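Engineer: Below is a structure I'd like to ask you about.
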């Protein structure tokens, strides 16, 4: 019994220490009052802590939420506020988000910039048009842009996290296929978030490549 109690205490201590490390990188974001009020109406806001805790302990995370839940605009902000993309954090690379359509990549990036009240930190890149600069922390892009970057370097070292919004299998299948090379000894700390309102969770959780 004493051993069991000690093990439980050690596990609890480890969890507290890990959460302290995770929260240490938190970035303070002060939003306008009307923005905060609008965000509080989104269902995804109630899941922020659970989502970030899951991301902390897992390199691949699947987020399923109905259209309108707020996942496209809020999950990138969760990462940003928890230190992702900041040079002094454990995950200094860009936060990359793919959107299936160019219009979505532009409009969602603009919305996130407004909500953070830091438009210079949020950019987009589509074919023939890139707003990315040295100040960019959050980068929205089309699927095609990411596929080209994967072809150049499948480890995607410039990113700390990639969010595949309304994911298409071709993207992560392409990265996994390229990862089956002699370079598999190189481990990328990249976090991969797969978000969808329509695809079945089983399509990913039962995929042997994961």
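Residue numbers (this note's numbering): 257 to 466. Backbone N, C-alpha and C define an ideal beta-carbon position, used for all residues, glycine too. As the structure is a computational prediction, the values presented were derived from the model and not from experiment.
Count the other CB atoms within 10 Å of the CB of residue 307; is the residue buried (16 or more) or exposed (fewer)?
Structural biologist: Here residue 307 refers to the residue found at position 51 when the chain shown is read from its first residue. By the neighbour-count rule (16 or more Cβ atoms within 10 Å), residue 307 is buried.
Engineer: In the DSSP output, what is residue 350 paired with across the bridge?
Structural biologist: Translated into positions along the chain shown, residue 350 becomes position 94. According to DSSP, which records beta bridges pairwise, residue 350 is partnered with 415.
Engineer: Would you please state the rounded distance, in angstroms, between the beta carbons of residue 447 and residue 416? I believe it to be under 8 Å.
Structural biologist: Position 191 of the chain shown holds residue 447. Position 160 of the chain shown holds residue 416. That pair is a contact at about 7 Å.
Engineer: Using 8 Å as the threshold, is the C-beta distance between residue 402 and residue 352 below it?
Structural biologist: As a working note, residue 402 is residue 146 in the chain shown. As a working note, residue 352 is residue 96 in the chain shown. Going by C-beta atoms, residue 402 is nearer than 8 Å to residue 352.
Engineer: Have a look at 324, 288, 313, 392 and flag the residue whose alpha-carbon is nearest the alpha-carbon of residue 452.
Structural biologist: Against the chain shown, residue 452 aligns to sequence position 196. Residue 452 has its Cα closest to that of 324, out of 324, 288, 313, 392.
Engineer: Between which two residues does the alpha helix (DSSP H) holding residue 198 run?
Structural biologist: Residue coverage of the chain in this structure runs from 257 to 466, which leaves residue 198 outside it and unanswerable.
Engineer: Could you give the residue range of the alpha helix (DSSP H) that holds residue 364?
Structural biologist: Looking up residue 364 in the chain shown gives position 108. Residues 358 to 372.
Engineer: In the DSSP assignment, what are the bridge partners of residue 396?
Structural biologist: If you number the chain shown from 1, residue 396 lands on position 140. 353, 380, per the DSSP bridge assignment.
Engineer: Tell me whether the beta-carbon of residue 372 lies closer than 8 Å to the beta-carbon of residue 378.
Structural biologist: For the purposes of this step, residue 372 is identified with residue 116 of the chain shown, where counting begins at 1. For the purposes of this step, residue 378 is identified with residue 122 of the chain shown, where counting begins at 1. Going by C-beta atoms, residue 372 is nearer than 8 Å to residue 378.
Engineer: Can you grab the Cα-Cα spacing for the pair residue 367 / residue 420, in whole Å?
Structural biologist: What you label residue 367 is simply residue 111 of the chain shown in a count that begins at 1. What you label residue 420 is simply residue 164 of the chain shown in a count that begins at 1. Looking at the two C-alpha atoms, the distance is approximately 18 Å.
Engineer: Does DSSP put residue 315 in a helix, a strand or coil?
Structural biologist: Residue mapping note: residue 315 aligns to position 59 of the chain shown, counting from 1. If DSSP states are grouped into helix, strand and coil, residue 315 belongs with coil.
Engineer: Give me the Cβ distance between residue 226 and residue 349, rounded to the nearest whole Å; I'm assuming they're in contact under 8 Å.
Structural biologist: The requested residue 226 is not part of the displayed model; the chain covers only 257 to 466.
Engineer: Rank 382, 304, 290, 343 by C-alpha distance to the C-alpha of residue 326 and give the top, closest one.
Structural biologist: Walking along the chain shown from the start, residue 326 turns up at place 70. If we check each option's Cα against that of residue 326, 304 comes out closest.
Engineer: Once you ignore the five residues that flank residue 361 on each side, which residues in its own chain have a CB closer than 7 Å to its CB?
Structural biologist: In the chain shown, counting from the first residue as 1, residue 361 sits at position 105. 355, 380, 382, 396, 397, 398, listed in sequence order.
Engineer: Check the DSSP bridge columns for residue 447 and list the partner residues they point to.
Structural biologist: Here residue 447 refers to the residue found at position 191 of the chain shown. In the DSSP output, where bridge partners are listed per residue, residue 447 has 417.
Engineer: DSSP on residue 385, reduced to helix/strand/coil?
Structural biologist: Mapped onto the chain shown, residue 385 falls at position 129. In the structure shown, residue 385 sits in a strand (DSSP, three-state: E or B).
Engineer: Distance check for residue 288 and residue 319, CA to CA, integer angstroms please.
Structural biologist: Start at 1 with the first residue of the chain shown, and residue 319 comes out as number 63. Start at 1 with the first residue of the chain shown, and residue 288 comes out as number 32. Cα to Cα, the separation comes out at about 27 Å.
Engineer: How many whole angstroms separate the CB atoms of residue 413 and residue 347, which I take to be in contact at a CB cut-off of 8 Å?
Structural biologist: Working through the chain shown from its first residue, we reach residue 413 at position 157. Working through the chain shown from its first residue, we reach residue 347 at position 91. About 12 Å separates the two Cβ atoms, so there is no contact after all.
Engineer: Could you work out which residue in 291, 301, 328, 334 is closest to residue 312 when comparing CA atoms only?
Structural biologist: Here residue 312 refers to the residue found at position 56 when the chain shown is read from its first residue. Nearest C-alpha to residue 312: 334.
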